[in-house]
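In the working numbering, the protein residues as written are 430 to 896.
Glycine residues also receive a C-beta, built at the ideal position from the N, C-alpha and C atoms.
Please read these numbers as outputs of a predicted model, since none were measured by experiment.
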């Protein structure tokens with residue numbers, strides 16, 4: 430048996446290794462010298478590649494890896510960073526109403542903004558193909574991408590101002606509203622106190638009892654000289670007329686010096702266009718409108734006592750527009766500003782994908798009798814699905830990190846109503862909260878929400894590159 434095993438020799442693997450060693454050893458010196466330089470060259474290329482990649486790796490480690498690890502560790506400590514609290518910050522994050530509101534707003538952003546941007550980009554990309562000045566049109570739409578979020582936030586903060594004299598959007602809204610419903614002429618007017626008028630602007634002003642043949646002076650103040658209608662004439666002192674109830678509504682203010690309260694002076698202006706009612710037993714029985722000099726007259730009144738009433742409609746505040754930056758509309762308003770900035774980006778990317786579509790497929794569909802709507806729905810959109818997916822996921826990642834627009838546009842009183850996770854994280858950590866433990870927990874949550882979308886996008890890119 431021993432002789433048989435000796436004849437069989439070593440196993441096959443050992444024989445192959447020995448043969449390889451003998452083959453290398455049996456190679457001529459010139460062959461061995463040719464192999465060694467190739468190995469050294471390969472080793473040098475690897476070392477050179479590692480040397481070039483090392484600075485980038487160190488930079489990524491310092492700016493990405495280290496902050497992530499540090500934030501994850503810091504989230505396990507209290508606000509001062511001295512006491513280990515475990516997962517208490519994460520529990521507090523779930524219990525905090527402000528954080529839950531920020532999470533809800535972030536969800537609204539993720540659902541609304543990418544969908545609208547992808548849809549607008551697709552629509553504009555298709556339409557610009559049929560426009561002669563397509564390049565100029567795309568350039569105009571892409572220009573907002575050159576504006577920083579800070580500058581865009583300031584622009585839209587001014588555009589959303591409540592005052593129509595400052596906010597361009599409310600100026601348009603108020604202009605359209607006033608074209609269909611005229612505003613009150615004297616929203617700031619108030620009756621001169623102690624001159625026979627009682628009441629207030631909300632319910633109107635009323636005089637004492639008067640009979641036909643009497644005259645009444647109704648003095649008002651609070652109307653700026655520039656707010657007096659241009660057709661206003663100097664006020665005329667009221668004069669009684671038999672059988673009529675007359676009076677004058679005027680601005681009881683004399684420019685410069687002089688003038689007496691409750692007395693019509695020569696330099697005081699009448700208030701034209703103001704409605705005056707004759708009231709008897711609590712009901713208006715007649716109505717008149719003041720002339721350019723502020724005078725009015727009621728004729729044909731039955732004998733008896735009346736009161737003159739200046740209704741509240743004369744002092745109704747004008748339509749102030751939409752409260753864009755109020756608690757209800759602040760998030761949609763900021764999303765609108767975001768759409769203005771990013772629509773060009775979406776349109777350009779989708780337009781590039783649209784330009785790469787096979788035209789023969791589209792032409793074949795037209796030859797077969799398909800209309801443009803059917804081509805768009807059944808051919809263009811399915812062929813653009815990979816591009817649309819990449820654009821959508823990229824925008825999802827971007828809106829998860831939105832900070833500048835929310836912080837700049839939302840006023841202080843409604844900042845909490847507009848907060849998203851990024852602004853909430855900053856406010857908790859550095860904006861007055863000084864709780865970097867909770868802020869780090871929020872940053873970890875934000876990272877966990879962004880990572881799946883990033884991984885999905887990277888896989889899409891790899892798949893596209895591999896194909």
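### Query
Thinking C-alpha only, which one of 672, 676, 699 is nearest residue 682?
Looking at the Cα atoms, 699 is the closest of the given residues.
### Task
Could you please give me the residues that DSSP links to residue 639 through a beta bridge?
According to DSSP, which records beta bridges pairwise, residue 639 is partnered with 735.
### Task
Can you say whether residue 574 is buried or exposed, counting buried as having 16 or more other CB atoms within 10 angstroms of its CB?
It is exposed - the Cβ of residue 574 has fewer than 16 other Cβ atoms within 10 Å.
### Query
In three-state terms, what does DSSP make of residue 822?
Reduced to three states, the DSSP call for residue 822 is helix.
### Message
What would DSSP say about residue 425, mapped onto helix, strand or coil?
### Response
Past the edges of the chain, shown from 430 to 896, lies residue 425, and the structure says nothing about it.
### Query
Can you tell me where the beta strand (DSSP E) with residue 709 in it begins and where it stops?
Residues 704-709.
### Query
Contact between the region 658-665 and the region 589-596: three or more CB pairs below 8 Å?
Two segments are said to touch when three or more pairs of C-beta atoms, one from each, lie closer than 8 Å; by this definition the region 658-665 does not touch the region 589-596.
### Message
At the level of alpha carbons, what is the spacing between residue 667 and residue 583?
### Response
In this structure, the CA atom of residue 667 is about 54 Å from the CA atom of residue 583.
### Message
Just list the residues that DSSP pairs residue 679 with in beta bridges.
### Response
The partner list for residue 679 (beta bridge, DSSP) reads 648, 699.
### Query
DSSP three-state call for residue 845: helix, strand or coil?
In this structure, residue 845 counts as helix in the three-state DSSP scheme.
### Query
Is the distance from the Cβ of residue 817 to the Cβ of residue 779 below 9 Å?
Note that the C-beta distance between residue 817 and residue 779 is below 9 Å.
### Message
Buried or exposed for residue 437, going by 16 or more other Cβ atoms inside 10 Å?
### Response
Because the pLDDT of residue 437 is 47, which lies under 50, any placement of that residue in the model is unreliable, and the number read from its coordinates should be weighed accordingly. Counting every other CB atom within 10 Å of its CB across the protein chains shown gives residue 437 a total below 16, marking it as exposed.
### Query
Are there 16 or more other CB atoms within 10 angstroms of the CB of residue 493, so buried, or fewer, so exposed?
Burial state of residue 493 is exposed, judged by a 10 Å Cβ sphere holding fewer than 16 other Cβ atoms.
### The alpha helix (DSSP H) enclosing residue 653, as first and last residue numbers
It is not in any alpha helix (DSSP H) - residue 653 carries neither H nor E in the DSSP assignment.
### Query
When you compare only the Cα positions, how much space is there between residue 695 and residue 649?
Going by the C-alpha atoms only, they are around 16 Å apart.
### Query
Can you tell me the Cα-Cα spacing of residue 519 and residue 592, whole angstroms?
The alpha-carbon atoms of residue 519 and residue 592 are separated by roughly 42 Å.
### Pairwise C-alpha distance: residue 849 and residue 637
Spanning the two alpha carbons is a distance of roughly 59 Å.
### Query
Do residue 783 and residue 757 have their CB atoms nearer than 9 Å?
Between residue 783 and residue 757, the C-beta gap is not smaller than 9 Å, which leaves the two residues out of contact.
### Query
residue 559: buried (16+ other C-beta within 10 angstroms of its C-beta) or exposed?
When all chains shown are included, residue 559 counts as exposed.
### Message
Within a Cβ cutoff of 6 Å, which residues of the same chain sit near residue 563, ignoring the five residues on either side of it in sequence?
### Response
Excluding five sequence positions before and after residue 563, the CB atoms of its chain that fall closer than 6 Å to its own CB belong to 557, given in chain order.
### Task
Alpha carbon to alpha carbon, how far is residue 480 from residue 876? Give it in angstroms, no decimals.
Going from the Cα of residue 876 to the Cα of residue 480 covers about 30 Å.
### residue 453 in three-state terms, based on DSSP
Unreliable positioning characterises residue 453 in this predicted model, as indicated by a pLDDT of 45, which lies under 50. The coordinate reading is nonetheless provided below. In the three-state DSSP reduction, residue 453 falls in the helix class (H, G or I).
### Message
According to DSSP, is residue 542 part of a helix, a strand, or is it coil?
### Response
Here DSSP, grouped into helix, strand and coil, assigns residue 542 to helix.
### Query
CA-CA distance, residue 496 and residue 551?
Residue 496 and residue 551 have their C-alpha atoms some 37 Å from each other.
### Task
Work out the CA separation of residue 858 and residue 843 for me, nearest whole Å.
Computed Cα separation, rounded: 19 Å.
### Query
Which residues mark the beginning and the end of the alpha helix (DSSP H) in which residue 401 is found?
The structure shown has nothing for residue 401, since the chain only spans 430 to 896.
### Message
Less than 6 Å between C-beta atoms, sequence neighbours within five positions excluded: which residues of the same chain meet that for residue 543?
### Response
These residues qualify, in order along the chain: 821, 824, 825.
### Query
Helix, strand or coil: how does DSSP classify residue 875 here?
In the three-state reduction of the DSSP assignment, residue 875 falls in the helix class, which pools H, G and I.
### Query
For the candidate residues 702, 505, 725, whose alpha-carbon lies nearest to that of residue 669?
Ranking 702, 505, 725 by Cα distance to residue 669 puts 725 first.
#### Entry: Exposed unless 16 or more other CB atoms sit within 10 angstroms - verdict on residue 789
Its Cβ having fewer than 16 others within 10 Å, residue 789 is exposed.
### Query
With respect to the beta strand (DSSP E) encompassing residue 724, which residues constitute its N-terminal and C-terminal limits?
Secondary structure note for residue 724: its beta strand (DSSP E) is the uninterrupted segment 724-727.
### Task
Figure out for me which residue from 793, 794, 829, 885 has the closest Cα to the Cα of residue 815.
Looking from the CA of residue 815, the closest CA among 793, 794, 829, 885 belongs to 885.
### Under the three-state DSSP convention, the category residue 611 falls into
DSSP places residue 611 in coil when its eight states are reduced to three.
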